[in-house]
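Trainee: So that we are looking at the same thing, I have put the structure below in structure tokens.
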Amino acid sequence: MTRASLGGMTAIYKSEAGGRELRERYLRELAAWPVPAEHVRVPTREGETFVLVSGPRDAPPLVLLHGSGANASMWRGDVATWSRHFRTYAVDLVGEPGLSAPSRPALGSGAVAAWLDDVLDGLGLTGAAFAGTSLGGWTALDYAVRRPERVTRLALLCPGGVGRQKVGWVVRAVLSGLSRRGGVRESAMAVAGLDAERHREALDSVVLTFTHFNPRRERLPVFPDEALRGLAMPVLVIAGDRDAMFDSRGTARRIRRCVPRASVKLLPGVGHAIFGQAASITGFLAGDRRPA
């Protein structure tokens, strides 16, 4: 067990009971996964990593990396589409409220990429396409910068590390709402851009998670222009123009300016939480670089 995981076992949850409640909810979500899936546990230098694997064994591999305060269940609305075309590997990031180890490798140090090396090696993958959102988008982009030979295509939803980060970290505003009744839900609506009626299930999940979970607080390291210019693989970036966490227009400008084979899709009236992009991402991953 790593030193980071020893420190994180109690730190990532506010209480043991709260951690159990989140785990039990996640297990129910996994039981209702919309397509057949294998539950794989990969040993890594950061501790055991849980991966939910779906799709044909001979299909091209697609690694899915979720955002902060989430787990592989965030892909349940997309996986039925993707698993028709790809062998999908939905990874629970370490240090997040899933089934992976509580370890939190230092961002920007190379430790996150080293952990992903172990994950891919344990899955028998020499390379793959990657899709990631927010923190997962940063993680996928960091890996593409450090290990370009292992990333065939890169699909990023509201990725961190490109445009200016507007808030200290993912849910600082959510956490600040704990002191007043209904504050977490109101803050989640503001930060993620969720609608109280249309996104009721997602809101309920966010409120429960951040009632019990301690997210990472540090700002995401920003990728320099020269790192982005070095990306030779096709890259798709999808962001909402009302993202309260990251300057999405700044993200779009930098990606268009620096990444040689980039497509950018800026969604009008959309905040940090992005839904309904499975078809666009499928087209991109299949070789269509035009933004839908």
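Throughout the sequence shown, residue numbering follows the working numbering, covering 39 to 330 in sequence.
All C-beta atoms in this analysis are idealised placements derived from N, C-alpha and C, irrespective of residue type, glycine included.
Tell me which residues share the same chain as P298 and place their Cβ nearer than 8 Å to its Cβ, disregarding the 5 neighbours each side in the sequence.
Mentor: Contacts found: R267, L269 and A270.
Trainee: DSSP has P99 in a bridge; who is on the other side?
Mentor: P99 pairs with R125.
Trainee: To the nearest angstrom, how far is it from the Cα of V275 to the Cα of Q315?
Mentor: Between V275 and Q315, the C-alpha separation is close to 11 Å.
Trainee: To the nearest angstrom, how far is it from the Cα of G107 to the Cα of E67?
Mentor: If you take the alpha carbons of G107 and E67, they lie about 15 Å apart.
Trainee: For A53, count neighbouring Cβ atoms within 10 angstroms of its own Cβ and tell me buried if that reaches 16, exposed if not.
Mentor: First, the residue type needs correcting, since residue 53 is Ser and not Ala in the sequence shown. Its Cβ having fewer than 16 others within 10 Å, S53 is exposed.
Trainee: For T126 and S92, which I take to be in contact (beta-carbon distance under 8 Å), what is that distance rounded to the nearest angstrom?
Mentor: That pair is a contact at about 5 Å.
Trainee: Quick check on the DSSP output: the alpha helix (DSSP H) that includes F284 runs from which residue to which?
Mentor: Note, F284: premise wrong, no alpha helix (DSSP H); not H, not E.
Trainee: Touching or not, the segment 131 to 140 and the segment 109 to 116, by the rule of three or more beta carbon pairs under 8 Å?
Mentor: Touching, per the Cβ criterion.
Trainee: What number of angstroms, rounded off, separates the C-alpha of S172 from the C-alpha of Q203?
Mentor: Each residue's alpha carbon lies about 11 Å from the other.
Trainee: State the Cα-Cα distance for the pair V212 and D242, rounded to the nearest angstrom.
Mentor: Legend: pLDDT at V212 = 47, less than 50; position of this residue unreliable, no value from coordinates given.
Trainee: V183 by DSSP, collapsed to three states: which one?
Mentor: Here V183 sits in helix by DSSP.
Trainee: Our contact map puts I50 next to P143 with C-beta atoms below 8 Å; I'd like the distance itself, whole angstroms only.
Mentor: Not quite, the Cβ-Cβ distance comes to about 13 Å (not below 8 Å), so this is no contact.
Trainee: Okay, do the segment 191 to 202 and the segment 249 to 262 touch, 3+ Cβ pairs below 8 Å being the bar?
Mentor: Judged by Cβ distances under 8 Å, the segment 191 to 202 makes contact with the segment 249 to 262, as three or more pairs qualify.
Trainee: State buried or exposed for D180, treating a residue as buried only when at least 16 other CB atoms are found within 10 Å of its CB.
Mentor: Flag for D180 reads buried.
Trainee: To which residues of the same chain is F292 closer than 8 Å at the C-beta, ignoring the five residues directly before and after it?
Mentor: The displayed chain sequence assigns Arg, not Phe, to residue 292. Hits under 8 Å: V200, G201, D263 and L266.
Trainee: Name the DSSP bridge partner or partners of T87?
Mentor: V80.
Trainee: Tell me, which residues are paired with L194 by DSSP?
Mentor: G170 and V275.
Trainee: Identify the continuous alpha helix (DSSP H) that holds L60 and give its terminal residues.
Mentor: It spans E54 to A69 - the alpha helix (DSSP H) in which L60 sits, taken as one unbroken run.
Trainee: Within the continuous beta strand (DSSP E) that includes V117, where are the two ends?
Mentor: V117 -> not in any beta strand (DSSP E); alpha helix (DSSP H) instead, spanning V117 to W120.
Trainee: State the Cα-Cα distance for the pair G278 and V150, rounded to the nearest angstrom.
Mentor: If you take the alpha carbons of G278 and V150, they lie about 26 Å apart.
Trainee: Would T177 pass as a contact of L131 if the rule is Cβ separation under 9 Å?
Mentor: Yes; because the gap between Cβ atoms is below 9 Å, this pair is in contact.
Trainee: Spell out the partners DSSP gives K204 in its beta bridges.
Mentor: Answer is none; K204 lacks a bridge partner.
Trainee: Can you tell me the Cα-Cα spacing of L318 and R255, whole angstroms?
Mentor: Sequence check: residue 318 is Ser here, not Leu. Answer to the nearest angstrom: the Cα atoms are 32 Å apart.
Trainee: Does the Cβ-Cβ distance between L304 and R287 come in under 9 Å?
Mentor: It is a contact, given that the beta carbons lie within the stated cut-off.
Trainee: Among L102, G56 and T164, which has the Cα closest to the Cα of W193?
Mentor: According to the sequence shown, residue 193 is Ala rather than Trp. Of the candidates L102, G56 and T164, the one whose C-alpha sits nearest the C-alpha of A193 is L102.
Trainee: Leaving aside the five residues before and after L60 along the sequence, list all residues of the same chain whose C-beta is less than 6 Å from its C-beta, in chain order.
Mentor: The residues are P135 and H250.
Trainee: Count the other CB atoms, across all protein chains shown, that sit within 10 Å of the CB of H310; report buried if there are 16 or more and exposed otherwise.
Mentor: So H310 ends up on the buried side.
Trainee: Whose C-beta lies closer than 8 Å to the C-beta of D156 among residues of the same chain, with five residues either side of it excluded?
Mentor: Cβ within range, chain order: V80, P81, T82, R83, E84 and T87.
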